[in-house]
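Undergrad: Protein chains in written order, with our numbering: chain P, 1 to 305; chain Y, 306 to 610.
Ideal Cβ positions, reconstructed from N, Cα and C, are used throughout, including at glycine.
Remember, it's a predicted structure, so these values are computed and weren't measured experimentally.
After the structure tokens below, expect a handful of questions from me.
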């Protein structure tokens, strides 16, 4: 059988900046995967369907309806169609409560899984709840804190297979804005690293979080007045911003059972930062967790509704 | 006599985002002023002369060399030509140490006043030193701290007519990036205000600076999950960022003699923030201070060199 004949459904992780799809057979074996930089942030609601068809079209067949199940910012207010939120404390979404996306193409049936929201201490997530679902699929009895760093870092208390509470930090977005759009772009490299600089800045930000405000422009000034390298400045900026996040999340990591789910490179930086606080934390790659979470949603979905 | 015949020299404040010129007669009376949004950030080194001539050309005459004296980011590494720095502790620049800008136009003689730098705790300023010079012209015996909020807030210890030390905060630039370029742009208004929201956020950031990292995304979430207004979010964002700056500058304002020099609208917000800490602080408009500082520089400059 050709791949197209074996396709049963398609899993989609559609975030702010990227789109990634996994093509599955009836046993959830991966037949193919594709990715694109056509994230939700660059699209108008009317453009999503064409972008999706451009990426998955080769796997569709006339006379067959292929289920497509999506998570992430595609379900945000500025996305394709606004999907629901499940309130915490609560289980990360299964196939229930999915939002059906109206489509004119008879080859697809598109659903978006709900995000999660927190009403007291207002917070929201779209995408990470599916990572949590995938992680819990492998470790259903996990009790502790999942750290999901990225554009918007999420710290989630997990207990009895529920997300009890969570908190979001704009660390990754702030880092990107400062490196690409602020005056620091002249002084901070986009690659390269310096362990000692990272460690010093991190520890300074954790113990004196207010100093971050002053140290940021210092990165620029040090390159003008002194001879600091742009690579050290990059590590220093990471240390300051992650340190500020760790200062604010102390109750999430002090004496807690902690696991990181993230893109491996980002996850390793956070693991290093936490190890400097005396915590040995395992890092799970976020992508397989998302895929597992989407499989769990697919398995419990009622496709007739 | 026509205005052009009465022109003796031209003062120029050329910052990151704006250009402002004042046309002066022999007694430093203002004959005309012009402004433009052709700030240093949008220009290549080769473009500055044409932009300047476009703005001041109507005031020049053939057969006469008009001195033009500039301050601000025009003298930065990415500006027209790199001007010197004077190290602190030191007097804000007089006419000494100006950098002459090579020009092919015989009608102008352009000079840029130096900025100031701090080597221990690296820091730099370009433009604010001229505000300090202007302020000290009117209050030569001032002993205390000048606060100059803006894109990059500067806090400067002044004593015996010298800048003793200073520190820079990226508060204004961070605010602009978050409002215009981050996910918060969907939840924060560009105008409007809410005093109570400002005061609550400010006091929270001063007492728990690390909480700022968590509260930022909260502005977005509150607008999705709750019914918070975008105007309140704007005041809250200001409160968080200014509060973080005040938490870091405690030694600059606690028990100090303080004066603000700023664009009036920004200055009033900082004055309000400081009044909530029990400090009554006077606000001076930055523009006249800059002009006075440039006049002081002109008066002491040796034009023959």
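Given this structure, state the Cα-to-Cα distance separating residue 512 of chain Y from residue 581 of chain Y, to the nearest angstrom.
TA: Residue 512 of chain Y and residue 581 of chain Y: Cα-Cα distance of roughly 13 Å.
Undergrad: What separation, rounded to the nearest whole angstrom, lies between the Cα atoms of residue 234 of chain P and residue 172 of chain P?
TA: Computed Cα separation, rounded: 13 Å.
Undergrad: Taking the straight line between their C-alpha atoms, what separation do you get for residue 91 of chain P and residue 286 of chain P?
TA: Each residue's Cα considered, the two are about 19 Å apart.
Undergrad: Name the two residues that bound the continuous alpha helix (DSSP H) containing residue 548 of chain Y.
TA: Run containing residue 548 of chain Y: 535 to 553, per the alpha helix (DSSP H) assignment.
Undergrad: Taking the alpha helix (DSSP H) that residue 19 of chain P belongs to, which residues open and close that run?
TA: Careful: residue 19 of chain P lies outside any alpha helix (DSSP H), inside the beta strand (DSSP E) at 19 to 24.
Undergrad: Please report the distance separating the alpha-carbon of residue 196 of chain P from that of residue 246 of chain P.
TA: Residue 196 of chain P and residue 246 of chain P: Cα-Cα distance of roughly 18 Å.
Undergrad: Under 8 Å between beta-carbons, which chain P residues line up against residue 486 of chain Y? List them in chain order, please.
TA: Going along chain P in sequence order, the residues near residue 486 of chain Y (Cβ under 8 Å) are 177, 181.
Undergrad: When the Cα atoms are used, what is the spatial distance from residue 379 of chain Y to residue 427 of chain Y?
TA: Distance between the alpha carbons of residue 379 of chain Y and residue 427 of chain Y: 21 Å.
Undergrad: Flag this pair as touching only if the region 431 to 445 of chain Y and the region 588 to 603 of chain Y have three or more C-beta atom pairs under 8 Å; answer yes or no.
TA: At 8 Å Cβ cutoff, the stretches touch.
Undergrad: Does the beta carbon of residue 168 of chain P come closer than 8 Å to any beta carbon on chain Y?
TA: Yes - at least one Cβ of chain Y is within 8 Å of the one on residue 168 of chain P.
Undergrad: For residue 594 of chain Y, which residues in the same chain have their Cβ closer than 7 Å to its Cβ, ignoring the five residues on either side in sequence?
TA: Taken in chain order, the residues that qualify are 436, 439, 440, 566.
Undergrad: Can you pull the chain Y residues whose beta carbon is under 8 Å from the beta carbon of residue 78 of chain P, in chain order?
TA: Near residue 78 of chain P (Cβ distances below 8 Å), the residues of chain Y are 491.
Undergrad: Following the continuous beta strand (DSSP E) through residue 116 of chain P, name the residue where it begins and the one where it ends.
TA: Residues 115 to 118.
Undergrad: Could you pull out every unbroken alpha helix (DSSP H) segment of at least 4 residues lying fully inside the region 35 to 60 of chain P, listed in chain order?
TA: List check, alpha helix (DSSP H) in window: 48 to 56.
Undergrad: Starting from residue 528 of chain Y, trace the alpha helix (DSSP H) both ways and give me its first and last residue.
TA: 516 to 530 is the span of the alpha helix (DSSP H), which, as asked, contains residue 528 of chain Y.
Undergrad: At a CB distance below 7 Å, what residues from the region 122 to 133 of chain P approach chain Y? Give them in sequence order.
TA: Answer set for the region 122 to 133 of chain P: 122, 123, 124.
Undergrad: Using a C-beta to C-beta distance shorter than 7 Å, which residues of chain Y count as neighbours of residue 209 of chain P?
TA: Result: 514, 515.
Undergrad: Please tell me whether residue 144 of chain P and residue 257 of chain P are closer than 8 Å, where the distance is taken between their beta carbons.
TA: Contact: yes.
Undergrad: Tell me, please, whether the CB atom of residue 26 of chain P is closer than 8 Å to any CB atom in chain Y?
TA: Closer than 8 Å: no.
Undergrad: For residue 15 of chain P, would you say it is in contact with chain Y, using Cβ-to-Cβ distances shorter than 8 Å as the test?
TA: Chain Y contact via Cβ: absent.
Undergrad: Could you run through the region 215 to 226 of chain P and flag, in chain order, every residue whose CB is less than 8 Å away from some CB of chain Y?
TA: Hits within the stretch, in order: 216, 217, 218, 220, 221, 222, 224, 225, 226.
Undergrad: Return the CA-CA distance between residue 281 of chain P and residue 272 of chain P, expressed in angstroms with no decimal places.
TA: Roughly 9 Å separates the two Cα atoms.
Undergrad: Just verifying my parser: in three-state terms, what is the DSSP assignment at residue 587 of chain Y?
TA: In the structure shown, residue 587 of chain Y sits in a strand (DSSP, three-state: E or B).
Undergrad: Hey, does residue 244 of chain P have any beta-carbon neighbour from chain Y nearer than 8 Å?
TA: Closer than 8 Å: yes.
Undergrad: For a quick check, are the C-beta atoms of residue 284 of chain P and residue 249 of chain P less than 8 Å apart?
TA: Not in contact: residue 284 of chain P and residue 249 of chain P (Cβ atoms no closer than 8 Å).
Undergrad: Would residue 81 of chain P and residue 66 of chain P qualify as a contact pair, given that the criterion is a beta-carbon distance under 8 Å?
TA: Contact: no.
Undergrad: Rounded to whole angstroms, what's the CA-CA distance from residue 353 of chain Y to residue 185 of chain P? Just pull it up for me.
TA: Cα-Cα distance, rounded: 22 Å.
Undergrad: Let me know if residue 253 of chain P comes out buried or exposed under the rule of 16 or more other beta-carbons within 10 Å of its beta-carbon.
TA: The residue in question, residue 253 of chain P, is buried, as its Cβ has 16 or more Cβ neighbours within 10 Å.
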